[in-house]
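Engineer: Using my numbering, read the sequence shown as starting at 7 and increasing by one per residue.
By construction, the Cβ of each residue, glycine as well, lies at the ideal position given by its N, Cα and C atoms.
On a predicted model such as this, the values are computed, not experimentally measured, just so you know.
The structure under discussion is supplied below as structure tokens; questions concerning it will follow.
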Amino acid sequence: MAEKAELRIGGDVIELDVIVGTEGERAINIEELRSKTGLITLDPSYANTGSCESSITFIDGEKGILRYRGYDIAELAEKCTFLETAYLLIEGKLPTREELDKFRESIRYHTMVHEDFRLFYRAMPKDAHPMAACSAACASLATFYPDSLDPRDPREVEVGVHRLIAKLPTIASYAYKHAIGQPFMYPDNRLSYVGNFLHMMFATPCEPYEVDPVVERALDLLFILHADHEQNCSTSTVRIVGSSHVNLFASISAGINALWGPRHGGANQGVIEMLQAIAEEGITAKDFVDRAKSRNDTSRLVGFGHRVYKNFDPRAKIIKKACFDVLARLGVNSKLLEIAVELEELALKDDYFVERKLYPNVDFYSGVIYNAIGTPESMFTAMFAIGRLPGWIAQWAEMHDHQHKIGRPRQVYQGANERSVQTIDER
Ligand code: ACO
7 MAEKAELRIG
17 GDVIELDVIV
27 GTEGERAINI
37 EELRSKTGLI
47 TLDPSYANTG
57 SCESSITFID
67 GEKGILRYRG
77 YDIAELAEKC
87 TFLETAYLLI
97 EGKLPTREEL
107 DKFRESIRYH
117 TMVHEDFRLF
127 YRAMPKDAHP
137 MAACSAACAS
147 LATFYPDSLD
157 PRDPREVEVG
167 VHRLIAKLPT
177 IASYAYKHAI
187 GQPFMYPDNR
197 LSYVGNFLHM
207 MFATPCEPYE
217 VDPVVERALD
227 LLFILHADHE
237 QNCSTSTVRI
247 VGSSHVNLFA
257 SISAGINALW
267 GPRHGGANQG
277 VIEMLQAIAE
287 EGITAKDFVD
297 RAKSRNDTSR
307 LVGFGHRVYK
317 NFDPRAKIIK
327 KACFDVLARL
337 GVNSKLLEIA
347 VELEELALKD
357 DYFVERKLYP
367 NVDFYSGVIY
377 NAIGTPESMF
387 TAMFAIGRLP
397 GWIAQWAEMH
407 DHQHKIGRPR
417 QVYQGANERS
427 VQTIDER
């Protein structure tokens, strides 16, 4: 018999269904709580609240497990490309060779953006943060493509999805080119998805540019590791914005803004800034760790800690190894990597971090790789957004399949009781 939970309130006992997930996670279903009792639940920051049932990504934070559609992240990272992973997340299955070719072909077809986009960037200051530019450009795609806006039309959604995956690297690279005053590079559709992005970032019209296969593979790997992470801040944002039935471009634009924050995707930029500050100010790793622990200092050890992972972040393990491989193969000696390793070793032995179960997260080493391949810090989070895009899309689509009401949390009002307005002379 299905398990029930009992809630005693006043003199009444209410029975609530217990939902069991395919990996044995249990959740009390409170969908009827308010209609049966007049009560709501209170859970600021949603640490105890499941907002949906989902079949996309499974995380076990205690055991350090991350799977997309049932496949372990380490195996996907080893055996698949980013576009195969994107297909998996969005379509729910790994593609056959033909399916992948067709998907890749469609993405290639859509890589260019409207020529008027050049004017769009020109309206922004040179030091505009790429995340602001990406989010604005992404929302503005809705103005260029009125034929792919209806979230209830499968064909319009498919075209919109392919356009977004194809154009976000172009949009992000243009933000960078604008910042450094170089000409925007058109996509070169002979290249791979990641190769094309590197070309648009680093090529100029005057010099030949060869995509370095080591860098290409490293970036592809980073994109795979970032591709989805269930109901995190930006993904929940995409879902809730999408639940208003606004178009996909607007929903993803909102997700990009959420990802920008330093407690979320912006942490990868924060890590490298922290490592550089340690290197430049000549403070020791130990001093910095002490600062991060101090109640009188607001510094945190950026790239450490995670709401869900309380043992280790499986992505951080893979990225740490990739970081050493890439730097060795590029022949780069990185002072920043040395500091990162020292910080990690100190923190993992320190009671403060051990007691709070704070481990390196996905952002701790990714910034060192981005740095080694010549990416400016301001672009780190934009690159995270390119990686996360398939996950946002898959979650947005799943929300449309499952959830038929607009997302709308409630609140417990704690403000003034009713009072009358005094005119300005009476106040
Ligand atoms: N350095 C020092 N102390 C930390 C750190 C850190 N990086 N992270 C958490 N703590 C401490 C907090 O001060 C708090 O201590 P207290 O209990 O004595 O008050 C305790 O650990 C719990 O921290 P919370 O902020 O309550 O944990 P939460 O689960 O809400 O936050 C978060 C998770 C936001 C990731 C946090 O660990 C953090 O700010 N880390 C640094 C930023 C970062 O790396 N973000 C990237 C996350 S991965 C991603 O979004 C892609």
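So E222 and S198 are supposed to be a Cβ contact under 8 Å. How far apart are they, rounded?
Structural biologist: 7 Å
Engineer: What does the alpha-carbon distance come out to for the pair R75 and D234?
Structural biologist: 10 Å
Engineer: At a threshold of 7 Å, does G44 count as lining ligand 1 (C-beta to nearest heavy atom)?
Structural biologist: no
Engineer: Give the straight-line distance between the Cα atoms of A273 and E90, rounded to the nearest whole angstrom.
Structural biologist: 27 Å
Engineer: When the Cα atoms are used, what is the spatial distance from H270 to G261?
Structural biologist: 11 Å
Engineer: Flag this pair as yes or no: are the beta carbons of P415 and I79 separated by less than 8 Å?
Structural biologist: no
Engineer: Given the structure, does F386 come close to ligand 1, in the sense that its CB is under 7 Å from one of the ligand's heavy atoms?
Structural biologist: At a threshold of 7 Å, F386 does not count as near ligand 1, since its beta carbon sits no closer than that to any of the ligand's heavy atoms.
Engineer: Flag V308 as yes when its Cβ comes closer than 7 Å to any non-hydrogen atom of ligand 1, and as no otherwise.
Structural biologist: yes
Engineer: What three-state label does DSSP hand L197 in the structure shown?
Structural biologist: coil
Engineer: Tell me the DSSP secondary structure of L22 in three-state form.
Structural biologist: Shown here, L22 sits in a strand according to DSSP, grouped into three states.
Engineer: Tell me which residue opens and which closes the beta strand (DSSP E) that I71 is part of.
Structural biologist: It spans I71 to Y74 - the beta strand (DSSP E) in which I71 sits, taken as one unbroken run.
Engineer: Straight-line CA distance for R297 to S305?
Structural biologist: Roughly 6 Å separates the two Cα atoms.
Engineer: Straight-line CA distance for H184 to L231?
Structural biologist: 28 Å
Engineer: Would you say the beta carbon of L89 comes nearer than 7 Å to a heavy atom of ligand 1?
Structural biologist: no
Engineer: Does the count of Cβ pairs from the segment 47 to 65 and the segment 356 to 363 closer than 8 Å reach three?
Structural biologist: no
Engineer: Taking DSSP's pairing of strands, which residues face E213 in a bridge?
Structural biologist: T210
Engineer: Would you decide whether C212 is buried or exposed? Buried here means 16 or more other CB atoms lie within 10 Å of its CB.
Structural biologist: exposed
Engineer: Rounded to whole angstroms, what's the CA-CA distance from Y180 to G70? Just pull it up for me.
Structural biologist: 36 Å
Engineer: Run through DSSP, which three-state label would A334 get?
Structural biologist: helix
Engineer: Curious, which full-length alpha helix (DSSP H) runs of at least 4 residues does the segment 47 to 131 contain?
Structural biologist: 79 to 85, 88 to 97, 103 to 115 and 123 to 128
Engineer: Run through the segment 349 to 380 for me and flag every whole beta strand (DSSP E) of 3 or more residues, listed as ranges in chain order.
Structural biologist: none
Engineer: Between F310 and Y365, is the Cβ-Cβ spacing less than 8 Å?
Structural biologist: Cβ atoms of F310 and Y365: closer than 8 Å.
Engineer: Apply the 10 Å Cβ neighbour rule to A178 and answer buried if 16 or more other Cβ atoms are within range, or exposed otherwise.
Structural biologist: buried
Engineer: Evaluate contact between the segment 341 to 355 and the segment 276 to 293, counting only Cβ atoms and requiring at least three cross-stretch pairs below 8 Å.
Structural biologist: Inter-segment contact for the segment 341 to 355 and the segment 276 to 293 is present: three or more beta-carbon pairs are separated by less than 8 Å.
Engineer: Tell me the rounded alpha-carbon separation between R40 and F190.
Structural biologist: 54 Å
Engineer: Ends of the beta strand (DSSP E) at R306?
Structural biologist: Taken as a continuous stretch (DSSP letters only), R306 belongs to no beta strand (DSSP E), as it is neither H nor E.
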